[in-house]
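A short write-up of the structure that comes next.
2 protein chains.
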Amino acid sequence: GSFPAPPVQDPMWGYFTAIAGQDGEVDADELQRCLTQTGISGSYNPFSLETCRIMIAMLDRDYTGKMGFNEFKELFTVLNGWKQNFVMVDRDGSGTVEGHELSQCITNMGYRITPQALNCIIKRYSRSGKIYFDDFVACCVKLRSLTDNFRKRDSMQQGVVNFQYDDFILCTMSV
Amino acid sequence: GSFPAPPVQDPMWGYFTAIAGQDGEVDADELQRCLTQTGISGSYNPFSLETCRIMIAMLDRDYTGKMGFNEFKELFTVLNGWKQNFVMVDRDGSGTVEGHELSQCITNMGYRITPQALNCIIKRYSRSGKIYFDDFVACCVKLRSLTDNFRKRDSMQQGVVNFQYDDFILCTMSV
Ligand SMILES: [Ca+2]
Ligand SMILES: [Ca+2]
Ligand SMILES: [Ca+2]
């Protein structure tokens, strides 16, 4: 007799369980540690706890404030896409991009946003006129969540949604 | 002859100009320093830079990312109100409140929000099940800004707004 072969597992599973700890889910503190260790922010500053919290909120469909395995994998896929966008625009590797470069990224990602709204986004996410990687990701998280929430309600895809106050608050306060 | 009497000035004016520096407006870094010095957070932790940025965004009608004197005064008034609310609920002075106490504060402030949305707000602003003063203020800033933006568009006061995608993004990404 022999021991059964271990099941064919997702290579990320062991990593996830180590990060998640006893409760089997990843909270914002655990995510921050994990993103710092994996070096996904590379030579850039580590992610702030605030950005980690909205990353979780973006994927947290059951409002537990924590991430399961599938969300965890989805986050890495999404994050890698954003990082590629940022690195492409941050040509000199300084870790920051200019306002017009953020606009370019947002447009490249397929969002259709008027110059006025782009200008307001740039102001919100800049520090001394520059956008750092952490803030870039925070901006991407919010834009994605808000757009998803909008689209879910825009069933006719007409670019217009009738929001009740309470639903508006639910959609916008969680990210 | 004698020197003319100094004009009757707002007592906060001198303080504001000292904080604002050469450009005559207060940015997020300046605001953080100022709020730490004035001790408005009292025995609580100082405000995070992120919360300072959304405080400015809340009042920044011309999207410069900075505050003029009138906005600066308005912020202090609003902040003092929120602090009173928080202190009333944080009876043991621990610097944190529970989720249901945050709900109570939000209701006391006059917001009409369903339990589902309140639950989602609590999850978003808690750390290990507790809400710190800095996060409480961030929550109040967003709730006020989003509600203001909603009301401005709800001209018939029916609790329903028809949002175009671009306007939705403008309203929600700035805070
Ligand atoms: Ca966990
Ligand atoms: Ca200044
Ligand atoms: Ca301004």
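Here the protein sequences come in this chain order: A and B. Under my numbering, read the first sequence as residues 921 to 1095, first letter to last. Under my numbering, read the second sequence as residues 921 to 1095, first letter to last. Heads up, the beta-carbon is just placed ideally off N, CA and C, and yes, glycines get one too. Keep in mind it's a predicted model, so treat the numbers as computed, not measured.
Runs of the beta strand (DSSP E) lying entirely within the stretch 1058-1084 of chain A, each at least 3 residues long, are 1080-1084 in chain order. The three-state secondary structure of R973 of chain A, taken from DSSP, is helix. Taken in chain order, the complete alpha helix (DSSP H) segments of 4 residues or longer contained in the stretch 932-958 of chain A are 932-940 and 948-958. In summary, K1072 of chain A is exposed, with fewer than 16 beta-carbon neighbours lying within 10 Å of its beta-carbon over all protein chains present.
DSSP, read as helix, strand or coil, puts V1017 of chain A in strand.
For the pair T971 of chain B and K1062 of chain A, the Cα-to-Cα distance works out to about 16 Å. Nearest C-alpha to T937 of chain B among B:K993, B:Y964, B:S1094 and B:R1047: B:K993. The Cβ-Cβ distance between T1016 of chain A and K1050 of chain A falls below 8 Å.
Distances from the CA of M1093 of chain A to each of B:D1087, B:F1056, B:V1081 and B:F989 were compared; the closest alpha carbon is that of B:F1056.
When Cβ pairs closer than 8 Å are counted between the two stretches, the stretch 1000-1008 of chain A is seen not to touch the stretch 1083-1093 of chain A, the count staying below three.
A residue is called buried once 16 or more other Cβ atoms fall within 10 Å of its Cβ, and M1076 of chain A, having fewer, is exposed.
Scanning B:R953, B:I1033 and B:V1007 for the CA closest to the CA of L1066 of chain B turns up B:I1033. Chain-order list of chain A residues neighbouring L979 of chain B: empty, with the shortest C-beta distance near 13 Å, by a criterion of under 7 Å. Within its own chain, the residues whose Cβ lies closer than 8 Å to the Cβ of N965 of chain A, once the five positions on either side in sequence are excluded, are G1015, Y1052, F1053 and D1054, listed in chain order. Under DSSP, M978 of chain B takes part in no beta bridge, so it has no partner. Going by C-alpha positions, D943 of chain B is about 45 Å away from E991 of chain A. By alpha-carbon distance to C1060 of chain B, the top candidate from B:C954, B:Y1045 and B:S963 is B:Y1045.
Taking a beta-carbon distance threshold of 8 Å, D1054 of chain A does not count as an interface residue toward chain B. Counting every other CB atom within 10 Å of its CB across the protein chains shown gives M978 of chain A a total of 16 or more, marking it as buried. Beta-bridge annotation (DSSP): R1047 of chain B is paired with B:K1050.
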